[in-house]
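One structure is given below, encoded as C-alpha cells.
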Amino acid sequence: MTSVEKARTNAAMQTPPVVSPQDWEAARQQLLVKEKAHTRARDALAAERRRMPWMEVDKTYAFEGPGGKISLVDLFQGRKQLILYRAFFEPGVFGWPDHACRGCSMVADQVAHVSHLNARDTTLVFASRAPQADIARLKKRMGWEIPWVTITDSFDADFGVGEWHGTNVFYRDGDRIFRTYLIKSRGDEQMGGTWNYLDITPLGRQEVWRIRRQAIRSPRPTNGGTGTIATRRVLRPTRNGSRCRMPERRRFARRVRSDRDLSNQGGHRRRP
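Here's what the structure looks like:
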C-alpha cells in the first residue's frame, strides 16, 4: 500500500450536507459569482502579463535535435512564438534511464495536440539533457509527440530552469529573440491546455471575438480627404460568443418592419 493509499484509508472524509435540487442550484449560483470573478481576474492577469517588458536574448545557444545541431531560432520552426519547457530527463533524475521526472512526465501526458498552438503562430518544445536516443525511446514508449531537444550548453542555467522545471516564453522578430515570460514551480501545474499556454504568450489567445471587442471604435480615414477621421462599429459577440449582435438601429428597423407587416395583415404585435 502506497503512502497516498494509507492517507486515504486513515482519513475519514467529512462530506458536505445533502440538499434538495433547488438548494443545490442556489448554492451553485452563489459559487458561480466567485467563479466568474476568478475568470475575469485571470483574463486581467493574462493581459497584464502581455504588457510585461521584454528581454532580448543576445547569446547564441545550441541544442541537439533528431536531425542534429539546431539553434534557438530553429526551435521556433518559422513561427513568432516559442514556449520552451525544461523537462528533467537525464542522469541523476529518479528513474533514469527508464523514466523521466514524474512531475515532468505528468505535464507531458496532459499536453493538448500542438496543432492548435501551431495554428496560432506558436511552437511548443520540451528540452532536457538526455541524449536524443534516450529521448526518442522514452517518447515512443509513452506515446508523446511533442518536439523534444537536448540542451548542450548553459541555456537552462541562464533562463532560471537549471535546478527545477519551468516554462520560458520567447518571441521572434526576424533573427532577434526576446524572452517575454517565465513560469515555474507550482505555476507549471496549469500547463498542458492550449488556452493556458497561449495565456502566457505575448500574442495571447488571438480569438477573433476578443480582438473585435477590444476595437469597438476603430479610427479610419473618410472620403472627406486626409486628416479626417470617422469611426466604424465593430459588432460585439453574443454572450455565448457564437455570433455577433446586430447594431441597435438595425434591430429597431427590423422590428418596425415586422410591426408594419403584421398590421397590414390585420395582426397585432406589441413592440418590445
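Adding 3 to a residue's 1-based position in the sequence shown gives its number in my numbering. Heads up, the beta-carbon is just placed ideally off N, CA and C, and yes, glycines get one too.
Which of helix, strand or coil DSSP assigns to residue i
i	result
residue 190	helix
residue 138	helix
residue 131	strand
residue 145	helix
residue 160	helix
residue 5	coil
residue 18	coil
residue 249	For residue 249, the predicted structure reports a pLDDT of 42, less than 50, and the residue's modelled location is therefore unreliable. A value from the coordinates is still provided. Of the three classes helix, strand and coil, the one that applies to residue 249 here is coil, per DSSP.
residue 206	coil
residue 64	coil
Cutoff 6 Å; reference residue i; Cβ partners in own chain excluding five residues on either side
i	result
residue 179	none
residue 129	88, 90, 149 and 151
residue 154	130 and 132
residue 20	none
residue 32	none
First through last residue of the alpha helix (DSSP H) which encompasses residue i
i	result
residue 33	24 to 53
residue 105	105 to 112
residue 176	Residue 176 -> not in any alpha helix (DSSP H); beta strand (DSSP E) instead, spanning 169 to 176.
residue 119	118 to 121
residue 198	197 to 201
Run of the beta strand (DSSP E) containing residue i, from where it starts to where it stops
i	result
residue 151	151 to 154
residue 87	84 to 89
residue 71	71 to 74
Residue i classed as buried or exposed, judged by whether at least 16 other C-beta atoms fall within 10 angstroms
i	result
residue 156	exposed
residue 98	exposed
residue 16	exposed
residue 175	buried
residue 250	With a pLDDT of 46 at residue 250, under the threshold of 50, the predicted position of this residue should be treated as unreliable, and no value is reported.
residue 211	exposed
residue 204	buried
residue 39	exposed
residue 159	buried
Proximal residues to residue i (C-beta, below 8 Å), its chain only, five neighbours per side dropped
i	result
residue 207	49, 50, 53, 201 and 213
residue 120	86, 126, 127, 197, 200 and 201
residue 144	none
residue 137	92 and 100
residue 163	169, 171, 185 and 187
residue 76	175, 178 and 180
residue 74	63, 64, 65 and 66
Neighbourhood of residue i by C-beta, 7 Å cutoff - its chain only, sequence neighbours within 5 removed
i	result
residue 195	110, 113, 114 and 115
Proximity test, Cβ basis, 7 Å: residue i and chain E
i	result
residue 207	This model lacks chain E altogether, as it is built from one protein chain only.
Would you check if the region 106 to 114 and the region 136 to 154 touch, i.e. whether three or more CB-CB distances between them fall below 8 Å?
Touching, yes, given that three or more Cβ pairs across the two stretches are closer than 8 Å.
Does the pairing of the region 115 to 131 with the region 81 to 97 give three or more beta-carbon distances under 8 Å?
These segments touch.
Check whether the region 93 to 104 and the region 66 to 80 touch, using three or more Cβ-Cβ pairs below 8 Å as the test.
The answer is no - the region 66 to 80 does not touch the region 93 to 104, with fewer than three Cβ pairs under 8 Å.
Using 8 Å as the Cβ pair cut-off and three pairs as the minimum, do the region 159 to 168 and the region 176 to 194 touch?
As far as the Cβ criterion goes, the region 159 to 168 touches the region 176 to 194, which means the pair count is three or higher.
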